[in-house]
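These notes concern the structure reproduced below.
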């Protein structure tokens, strides 16, 4: 596994739509592992492949408390995810590994049901509420070139010096 460089700010890859994964190869498995390691190294709770410059519909998420050992962590892998149902409303602060120093209160669905494939191409559904629902929506937006700041007016975006936590 390897820690990848997270694309930041105005990097054009962050605005591009990721492509469907059609072949479930060992290279995709390694990429998912690298994404998880990168997410943990950056102290994030989610990461989409285009955040590391790969235009594939891949997401890793872990909203659970962090374990001491990488092997004990239980991240969620989503290949070709799509939201098939959403309901309710939540308004909470969001930040992003690709937009260091920025945060804002974003309105999202409080519940989502997502259909996706695992690393072997098998379909499954996942339900998320609250923080997991927010993270699923945030990361799937990345796959479509949408950033959380797109939901905010310029005056609603809070800025703080990079290096200070916004979570």
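In full-length UniProt numbering, the protein residues as written are 1 to 167.
All C-beta atoms, glycine included, are put in the ideal place defined by N, C-alpha and C.
Keep in mind it's a predicted model, so treat the numbers as computed, not measured.
Here residue 131 is not near residue 78, since their CB atoms are 9 Å or more apart. Scanning the stretch 14-67 from its first residue to its last, the whole beta strand (DSSP E) runs of 3-plus residues come out as 46-48 and 58-61. Here residue 81 carries a strand assignment [DSSP, helix/strand/coil]. In this structure residue 94 is in contact with residue 148, their Cβ atoms being roughly 5 Å apart against a cut-off of 8 Å. Excluding the 5 residues flanking it on each side, residue 55 has same chain C-beta neighbours closer than 8 Å at 13, 16, 17, 18, 19 and 49, in chain order. A straight line joining the alpha-carbon of residue 133 with that of residue 74 spans about 17 Å. In this structure residue 139 does not touch residue 104 by the C-beta definition: roughly 17 Å separates them, more than the 8 Å allowed. When the five nearest sequence neighbours on each side are left out, the beta carbons in the same chain lying within less than 7 Å of the beta carbon of residue 129 are those of 110 and 111, in order along the chain. Counting the other CB atoms within 10 Å of its CB gives residue 1 a total below 16, which places it among the exposed residues. Contact check for residue 59 and residue 36: beta-carbon distance about 11 Å, past the 8 Å limit, so the pair fails to qualify.
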